[in-house]
Amino acid sequence: MILIQVITLAERLGVHRNTIRNWVKTGKIPARPAPGRGLLLSREDFQRLCQEFALDPGSLNPRELALAETREVVTVPVALALHASEQPERSRLPITFQEAVMSDKVVGSVLVVGGGIAGIQAALDLADSGYYVYLVEKGPGIGGKMAQLDKTYPTNDCAM
Amino acid sequence: MVECGRHLNIELLTLSEIDTISGQPGNFLVTLRQHPRYVDMDKCIACGLCSQKCPRKVPDEYQMGVGTRKAIYISYNQTVPLKYVIDKDHCIYFQKGKCKACEKFCPTGAINFDEPEEVRTVNVGSVILAPGYKPFDPTGFDIYNYEQLPDVVTGLEYERLLSASGPFQGHLVQPSTGREPKKIAWIQCVGSRNKACGNGYCSTVCCMYAVKQSLVTAEHLHGDDIQQTIFYMDLRAHNKEFERYYNDAMAKGVRFIRSRPHSVDPGEKNIGARIYYVTEDGQQVREDFDLVVLSVGLEAPADALELAAKFGLKLDQYRFADTSSFAPVLTQREGVYVCGAFSGPKSIPRSVTDASAAATAAAKNLVTARGTLTKEKTYPPERDVSGEEPRVGVFVCSCGINIANTVNVPEVVDYAKTLPYVQYVENNLFSCSTDTQVLMAEKIKEHNLNRIVVAACTPRTHEALFADTLREAGLNGYLLEMANIRNQNSWVHQQSPEAATAKAKDQVRMAVAKALRDFPLQRLSVAVSQRALVIGGGLAGMTAALDLADRNYETVLVEKSDKLGGNAWFLNKTWKGEDIRTNLQVLIAKVENHPKIKVLKQAEVKSVSGSVGNFQSDIIVAGRTETVSYGIAVLAIGAEEYKPNEYLYGQDARIKTHLEFDAELRERSAQVAKAGSAVFIQCVGSREPERMYCSRVCCTHSVHSAIKLKELNPDMQVFILYRDIRTYGKREDLYTKARELGVLFIRYDLENKPKVRKEGDNLLVEVVDPIVQMPVTIPADYLVLASAIVPRQHEQLMELYKYNVNTDGFINEAHPKLRPVDSLVDGLFLAGLCHHPKPINESVSQAMAAVSRAGVILAKERMSLDAIKSYPTEKCDGCALCVDVCPYMAIKVEEYRDNGQVHRRIVTDKALCKGCGLCAATCPKDGVEVHGFTMEQLQAQVDAVVAGFAQAGA
Chain A
16 MILIQVITLA ERLGVHRNTI RNWVKTGKIP ARPAPGRGLL LSREDFQRLC QEFALDPGSL
76 NPRELALAET REVVTVPVAL ALHASEQPER SRLPITFQEA VMSDKVVGSV LVVGGGIAGI
136 QAALDLADSG YYVYLVEKGP GIGGKMAQLD KTYPTNDCAM
Chain B
12 MVECGRHLNI ELLTLSEIDT ISGQPGNFLV TLRQHPRYVD MDKCIACGLC SQKCPRKVPD
72 EYQMGVGTRK AIYISYNQTV PLKYVIDKDH CIYFQKGKCK ACEKFCPTGA INFDEPEEVR
132 TVNVGSVILA PGYKPFDPTG FDIYNYEQLP DVVTGLEYER LLSASGPFQG HLVQPSTGRE
192 PKKIAWIQCV GSRNKACGNG YCSTVCCMYA VKQSLVTAEH LHGDDIQQTI FYMDLRAHNK
252 EFERYYNDAM AKGVRFIRSR PHSVDPGEKN IGARIYYVTE DGQQVREDFD LVVLSVGLEA
312 PADALELAAK FGLKLDQYRF ADTSSFAPVL TQREGVYVCG AFSGPKSIPR SVTDASAAAT
372 AAAKNLVTAR GTLTKEKTYP PERDVSGEEP RVGVFVCSCG INIANTVNVP EVVDYAKTLP
432 YVQYVENNLF SCSTDTQVLM AEKIKEHNLN RIVVAACTPR THEALFADTL REAGLNGYLL
492 EMANIRNQNS WVHQQSPEAA TAKAKDQVRM AVAKALRDFP LQRLSVAVSQ RALVIGGGLA
552 GMTAALDLAD RNYETVLVEK SDKLGGNAWF LNKTWKGEDI RTNLQVLIAK VENHPKIKVL
612 KQAEVKSVSG SVGNFQSDII VAGRTETVSY GIAVLAIGAE EYKPNEYLYG QDARIKTHLE
672 FDAELRERSA QVAKAGSAVF IQCVGSREPE RMYCSRVCCT HSVHSAIKLK ELNPDMQVFI
732 LYRDIRTYGK REDLYTKARE LGVLFIRYDL ENKPKVRKEG DNLLVEVVDP IVQMPVTIPA
792 DYLVLASAIV PRQHEQLMEL YKYNVNTDGF INEAHPKLRP VDSLVDGLFL AGLCHHPKPI
852 NESVSQAMAA VSRAGVILAK ERMSLDAIKS YPTEKCDGCA LCVDVCPYMA IKVEEYRDNG
912 QVHRRIVTDK ALCKGCGLCA ATCPKDGVEV HGFTMEQLQA QVDAVVAGFA QAGA
């Protein structure tokens, strides 16, 4: 499990501390309150949180805790441990997107817009060759126009 | 689709729209607005109760408004994700403040009317836009009376009328009367090739979908008096095998009338419709039809402008994304790619090809981050069940109401309990739902089950899911049997529920009998050589090599001649006006200087051994032999121009083929400009009995050259003699422009081809003009023959790789719609002209797509193979009967010594074997068996059925 301070997160996101607490209450941030104005969340949730809000994990001063009740064996990743020992720079608030993406880091995921046959094929090819894919579809389900067709020419195969 | 929904590394974000995008290629931040579904996806089990109880009926978009759905709905039964959604605009609660019937009846409490809209930010390296198209809406197009007449429908509506999942269950009826229609007409180019509605382009797909619908219609209707009529301008059947399909339709009696009807009026008593049209010889005709289908075109999606503004893309005048021929999926913004119909109307295979191409483009920029965000599933160690007595668990699925409405599920459950070795039986509403999967894993552990039978739907879609659940519970995935009591039972026996229940019992009994004899199988895995071989150094081959190398795979490019570039050297400009040679030179320089590409010129592949993941070849390079090992190969061996033997070709210097005329234009344009007249003859060698395919590029090429001639010398008389002008897609604009410039188009029939003769020094072309219905003679200073594209000689290569070709000699793809660049040989991909004639942009797109498909194999260091393979048994004596029947060439005969004597037996190549079982069926002595489907297992199933008959008889 990862322990971070409410205040640190609030500062990094440019919101009030109570907003963070409200988010925790409504489940927007998948964490639970911990003693000493802290927030406790799983490693995956922590990484997701950082990714969603484009935060540098190190800047949140995270502490790794091996909690007996979850029986989770946690090893502290080297990078994370190093960052934790440094004092985070106070950034201008609120952070802008431009700032967040200033890094030259290449991200191994792709956004595919449209869940028709083309979007599906692109998503499958990428996901099968080592990239994480977000497939965005406007409607409630994928399949697009092809799912409405009866049969396809010239072989008269079923479109489904 | 199901694969997509279940993929560990694909996150589906439905009901979502792009809000903003910022950042740079390799690192974008995109905010998404996710609209509420008002149904908790984790809780919804898609039982359908909410929809049953919902009092509000709404016209169904999925059925194109022909039927109705409820305000809480799923679009169709196979939708992914299979979760209901509330349509806020029609929901009574949202509109009037009370109702909530769905909430009351939902058994899992999944309905949440307070679900807020969510804003999410995702961090991605590349973006692919595939928003698709919008079918043209003929409302307001008063000549067709679409709004007023119930019996005038659009092509997409007609698809729904034909479909078994459609509003009339696949029973084709006339909407106004509910009777079977007899006379059906299709009107082509509704909303395409029409400046009046702003769509000057050709929608590419409508000709073929109308032909398909006319043929499928014949399967739906009864009686001899059915008549299908297609009104068309030019019939555009330019894809692979389409020309044959079109000819087949003509042979089956579909009537093709070359005319654009000018009005559609109500039929008698407002039933059916009356079409007014003018035939080619100028006669006015009035004809009544029972049903009229408007072949509506494809338009840019409604949100095209918005998307373009957000992403900074350039759109063309029709609001399709503007892309170049040499980079068909790239946009003006680096890191953002387009595919599918968004960049112009296109058919399914081209959309799929484009999509794979966009995947390659997107992946290329992110090579360094490959595998950093993907997850792999891990499983607990497998339990050894070899010493255990069988303990079978049976899970009977109701599939909502799909099975339960016909089959008496509780009875089947009770029956299953009486079968031998069955320890646990359960009924699930949906066996495939996530919560049932968890439950299944728990029950396996709780009851120590070691064989599982799922009586539900088809293993084709769901076996992998259940096998996965077994593995998560520590069982081998092959200890699973499925009884398909839905597709093979409840769906087909809806009228006789009792017999269906009895059959379901039989099916369960058979599955249990086989399950008792199931044994654990281990998946095989083979190492994958992370290198690629590309055969052919033309445009497609070079593009493929470059993209493979850019994706960090060592690539060997084999070219037969001493120069890279292939056919592209003989061409001047693309139809969009891009210079081909300049682009070609840039590409050649990139390929030759790439550190990861090894170019072998004057080289030929001499031998091939191994299979996907591990090929080895000897390549003869200018006399020397080089051995190359590689994981995949891309075939891009091209094609060549047909040398005509008609129209006096070869007997006069003024008669040229397209490539020869391009050279003339390139080298002697001043002389060409002096010519007084030029005649183009289309379909030379194409669309004839010996070559029943369209060469796809020649119409555009002729029209493009004709425009060039008119620009060089506006007074030149330019004629194009054609059968159908096939300037598909946005190329139609060229055709329009040529007509505006005064190029004369004269149509001819195959039975009445133009005649070319020489009188003295004059070259004369005679053709029958169908409008004046008289022969006309045209003197020609140049005669350009649009000759066909024909495949090269590649028998030797075909023998080596065992791929196959169609009747025309073009290499076959694995599936014409869904796997357009995979060949039938695993690990072998296709690109360019060797697959079918095509223009440059499509060749490039195909080459990039081949790289994407290859990338799926090369991405893994080891490739896992299915465990269902054939194995020789001790009884094999090497008679080799099975060698001949194996369609995958996976069986070889070997000799071995035993007690000093030489024996023969077979060995099977596990990488090539697909477990089809032909060998086992052929073998007269049980010398070979397929694991997972052994004779003993099959026998047990047969015995189980027969036992049922015996019981019934007694």
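In the order they appear, the protein sequences are chains A and B. Position in the first sequence (first residue = 1) + 15 = our numbering. Position in the second sequence (first residue = 1) + 11 = our numbering. Idealized CB from N, CA, C, for every residue including glycine.
Amino acids of chain A, ordered along the chain, whose beta-carbon sits closer than 9 angstroms to that of glutamate 310 of chain B: Correct list: empty, because the minimum Cβ distance to chain A is about 12 angstroms.
For the 8 angstroms Cβ check, are there 3 or more pairs between the stretch 715-722 of chain B and the stretch 736-749 of chain B? They touch, by the three-pair rule.
Where are the alpha helix (DSSP H) runs, 4 residues long or more, that stay fully inside the stretch 914-939 of chain B, in chain order? Fully enclosed alpha helix (DSSP H) runs of 4 or longer: 929-933.
Could you confirm whether any beta carbon from chain A is found closer than 8 angstroms to the beta carbon of threonine 818 of chain B? So, not an interface residue.
If we count the other Cβ atoms within 10 Å of its Cβ and call it buried at 16 or more, is glutamate 114 of chain A buried or exposed? Because the pLDDT of glutamate 114 of chain A is 39, which lies under 50, any placement of that residue in the model is unreliable, and the number read from its coordinates should be weighed accordingly. Residue burial is scored here from C-beta neighbours: glutamate 114 of chain A has fewer than 16 other C-beta atoms within 10 angstroms and is therefore classed as exposed.
To the nearest angstrom, how far is the alpha carbon of isoleucine 198 of chain B from that of arginine 742 of chain B? Each residue's alpha carbon lies about 21 angstroms from the other.
Does the stretch 558-571 of chain B touch the stretch 601-613 of chain B, meaning 3 or more C-beta pairs lie closer than 8 angstroms? With the rule of 3 Cβ pairs closer than 8 angstroms, the stretch 601-613 of chain B counts as touching the stretch 558-571 of chain B.
For a contact meaning CB atoms closer than 8 angstroms, what does proline 155 of chain A contact in chain D? In the structure shown, chain D does not exist; the protein chains are A and B.
Residue range of the beta strand (DSSP E) that includes valine 894 of chain B: No beta strand (DSSP E) holds valine 894 of chain B; the alpha helix (DSSP H) holding it covers 892-896.
What number of angstroms, rounded off, separates the C-alpha of valine 91 of chain B from the C-alpha of proline 391 of chain B? About 29 angstroms.
Please work out which residues of its chain come closer than 6 angstroms, Cβ to Cβ, to serine 640 of chain B, disregarding the five sequence neighbours upstream and downstream, and give them in chain order. Scanning its chain for C-beta atoms nearer than 6 angstroms, with the 5 sequence neighbours on each side dropped, one finds around serine 640 of chain B the residues Ser540, Gln627, in chain order.
Return the first residue and the last residue of the alpha helix (DSSP H) that cysteine 217 of chain B is part of. Note, cysteine 217 of chain B: alpha helix (DSSP H), 217-231.
At 7 angstroms on the CB atoms, spell out the chain B contacts of alanine 142 of chain A, in chain order. Neighbours of alanine 142 of chain A on chain B, chain order: His18, Asn20, Ile21.
Rounded C-beta distance between serine 144 of chain A and valine 867 of chain B? I'm assuming under 8 angstroms. Rounded, the Cβ-Cβ distance is 5 angstroms, consistent with contact.
For alanine 373 of chain B, which residues of its own chain have a beta-carbon under 7 angstroms away from its beta-carbon, when the five flanking residues on both sides are left out? The residues are Ser137, Ile139, Tyr348.
By a C-beta neighbour count over all protein chains shown, 10 Å radius and 16 as the cutoff for buried, is glutamine 533 of chain B buried or exposed? By the 10 Å Cβ count, glutamine 533 of chain B comes out exposed.
My output table needs one value for glutamine 62 of chain A: the three-state DSSP class, helix, strand or coil. Reduced to three states, the DSSP call for glutamine 62 of chain A is helix.
Could you tell me which chain A residues have their CB closer than 7 angstroms to the CB of proline 848 of chain B, listed as they occur along the chain? Chain A residues near proline 848 of chain B: none, gap ~16 angstroms exceeds 7 angstroms.
Three or more beta-carbon pairs under 8 angstroms between the stretch 211-225 of chain B and the stretch 306-314 of chain B, yes or no? They touch, by the three-pair rule.
For the stretch 352-359 of chain B against the stretch 45-55 of chain B, are there 3 or more C-beta pairs whose distance is under 8 angstroms? Too few Cβ pairs lie closer than 8 angstroms, so no.
Member of B/Ile195, B/Asp301, B/His249 whose CA lies at the smallest distance from the CA of leucine 226 of chain B: Measuring from the Cα of leucine 226 of chain B, the nearest candidate turns out to be B/Ile195.
Beta-carbon contacts of isoleucine 21 of chain B that lie in its chain and below 7 angstroms, excluding the five residues immediately before and after: If we look at isoleucine 21 of chain B and ignore the five residues flanking it on each side, its Cβ neighbours are Cys15.
Give a yes or no on whether the minimum CB-CB distance between arginine 6 of chain B and chain A is below 8 angstroms. Because chain B in this structure spans residues 12 to 965, residue 6 of chain B falls outside the shown range and cannot be described.
Spatial distance of histidine 615 of chain B from isoleucine 591 of chain B (CA atoms): Sequence inspection shows glutamate at residue 615 of chain B; the histidine mentioned does not correspond to that position. For glutamate 615 of chain B and isoleucine 591 of chain B, the distance between alpha carbons rounds to 27 angstroms.
Alanine 689 of chain B to alanine 791 of chain B, Cα distance in whole Å? A straight-line Cα-Cα distance of about 5 angstroms links alanine 689 of chain B and alanine 791 of chain B.
State yes or no: is the beta carbon of valine 122 of chain A nearer than 8 angstroms to at least one beta carbon in chain B? For valine 122 of chain A, the answer is yes, since a Cβ of chain B falls inside 8 angstroms of its Cβ.
Using a Cβ cut-off of 8 angstroms (strictly closer), state whether valine 116 of chain A contacts chain B. Summary for valine 116 of chain A: the model assigns pLDDT 42, below 50, so the residue's position carries little reliability; its value from the coordinates is reported in the next sentence. With 8 angstroms as the cut-off, valine 116 of chain A counts as an interface residue toward chain B.
Take isoleucine 237 of chain B as the anchor and find which of B/Glu252, B/Asp301, B/Pro178 has the nearest alpha-carbon. Nearest of B/Glu252, B/Asp301, B/Pro178 to isoleucine 237 of chain B, Cα basis: B/Asp301.
Is the number of C-beta pairs between the stretch 727-741 of chain B and the stretch 705-714 of chain B that are closer than 8 angstroms three or more? Flag = yes, the stretch 727-741 of chain B and the stretch 705-714 of chain B touch.
For the stretch 147-160 of chain B against the stretch 317-334 of chain B, are there 3 or more C-beta pairs whose distance is under 8 angstroms? Remark: fewer than three beta-carbon pairs, one from each stretch, lie closer than 8 angstroms, so the stretch 147-160 of chain B and the stretch 317-334 of chain B are not flagged as touching.
Quickly, what does DSSP pair serine 713 of chain B with across the bridge? List them, please. DSSP, once it has assigned bridges, lists no residue as partnering serine 713 of chain B.
With the cut-off set at 8 angstroms, would you say tyrosine 432 of chain B and glycine 404 of chain B are in Cβ contact? Not a contact, by the Cβ cut-off of 8 angstroms.
Using the C-alpha atoms, what's the distance from glycine 143 of chain B back to glycine 130 of chain A? Those two C-alpha atoms are separated by around 9 angstroms.
Within 8 angstroms of any Cβ in chain B, is that where the Cβ of glutamine 113 of chain A sits? In this prediction, glutamine 113 of chain A has a pLDDT of 39, which is less than 50 and means its spatial position is unreliable; nothing more can be read from the coordinates.
Below 8 angstroms on C-beta distance, what does aspartate 365 of chain B contact in chain A? Annotation: Cβ neighbours of aspartate 365 of chain B in chain A (cutoff 8 angstroms, chain order): Ala133.
Cβ shell of glutamine 728 of chain B (< 7 angstroms), same chain only, five flanking positions each side left out: Cβ neighbours of glutamine 728 of chain B beyond the five flanking positions: Gly687, Ser688.
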